[in-house]
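Per our numbering, residue 1 is the first one in the sequence shown, and the count goes up by one each step. Beta carbons: idealized from backbone N, C-alpha and C, even for Gly. Working notes, beginning with the structure itself.
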Amino acid sequence: MATHIEINHDSGGTPATHYDSVTDTDGALSITGSSALGGSANGFQQDVDNPNFWIVSKTTSAPGTELRFRFRFKNSNLANLPGSGHGGSYIWRVDLSQSASSNVLLSVTLAWNASAQLVWNVVRRLISDGDVTFVSLLTDTIVDSGEHCIEIKIVRETADGNADGIVEIFLDGVSVVVSTTQTNFNTYPLVNRLRNNGNGGTQAVGITGDAYLDEFIIDTDGDADLGCLPTFSGYDLVLGGGQP
């Protein structure tokens with residue numbers, strides 16, 4: 001286990017304290033104690049009422065042949081979700097990418113569905129000669145209101161064309177997707193940026209409130225324990241399940 005990059009916002013300050021590049025024309029972003037998640041002193045807060053896009057990014061070096069990515073989010077302060085599909089808009093999107101918009105190895109998005117429910121999805125975006133190809137890793141999946149932890153394991157394809165790259169996606173410590181046929185040989189070594197984006201489309205459709213993100217970690221061990229284990233009750237410890 002070796003931490004490659006960590007952003008937990010504990011030192012407070014402004015977004016520029018924690019990221020190399022910040023675009024926030026409407027002042028939608030802040031680092032506050034009220035947005036702290038998972039035991040942190042402070043967290044990253046996004047005011048979704050603001051009409052414009054925001055972007056923060058942190059540049060790093062590419063990891064080895066495998067990685068494990070983890071972050072926390074809280075969605076319980078969001079209100080007035082529309083009864084329509086998101087149509088590609090989103091509340092926030094977290095990318096592991098080569099640059100600002102190209103060769104995105106991983107893109108995690110929080111959005112909404114036609115039943116006014118929060119959903120999340122994970123895709124890989126390949127950009128070549130202006131064309132964008134989306135490789136879906138997790139389609140729109142309903143996520144409960146509350147605080148959650150996402151972990152993703154990625155192993156690079158052994159050679160171009162072998163289609164043996166691995167992606168495993170966890171929500172709150174529970175595996176929800178496993179793929180062992182990923183073709184990520186050429187995009188994987190280009191990953192040198194953690195980029196978080198907010199979409200102005202939330203204001204246009206009337207969503208209000210705040211979204212919180214915190215405790216970003218990229219580790220070079222795909223099986224590292226990064227602290228996203230689920231919360232257990234006493235009932236969970238009874239052999240055979242059920243209540244005592």
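Cβ neighbour criterion (16 or more within 10 Å) applied to residue i
i: G242; result: Low local confidence applies: a pLDDT of 43 at G242 is under 50, so the model's placement there is unreliable, with the coordinate-based value given in what follows. That one is exposed.
i: A114; result: exposed
i: A28; result: buried
i: D236; result: Its pLDDT being 44, under 50, D236 is placed unreliably by the model, and the measurement read from it follows with that caveat. Counting Cβ neighbours within 10 Å, D236 comes out exposed, since fewer than 16 surround it.
i: L229; result: exposed
i: T175; result: According to the sequence provided, residue 175 is Ser. The question's Thr does not apply to it. Its Cβ having fewer than 16 others within 10 Å, S175 is exposed.
i: I142; result: exposed
i: G43; result: buried
i: E151; result: buried
Residue interval of the alpha helix (DSSP H) (run including residue i)
i: H18; result: P15 to H18
Local conformation of residue i per DSSP, three classes
i: G30; result: As written in the sequence, residue 30 is Ser, which differs from the Gly given in the question. Strand.
i: Y188; result: helix
i: S11; result: coil
i: S40; result: coil
i: S97; result: strand
i: S76; result: coil
i: S136; result: strand
Paired residues, beta bridge with residue i - DSSP
i: V205; result: Bridge partners of V205: none, in fact.
i: T250; result: The chain is shown from 1 up to 244; residue 250 falls before or after that span and cannot be answered.
i: E168; result: K153 and V178
i: S89; result: Note: S89 sits in no beta bridge, so no partner.
Nearest residue (CA-CA) to residue i, options the options
i: T181; options: E157, A111, T32 and L118; result: E157
i: S57; options: S21, E6, Q117 and K153; result: S21
i: T183; options: G161, G38 and E215; result: G161
Segment limits, beta strand (DSSP E) that includes residue i
i: N197; result: R193 to G198
i: V108; result: V104 to W112
i: T23; result: S21 to D24
i: T59; result: W54 to T59
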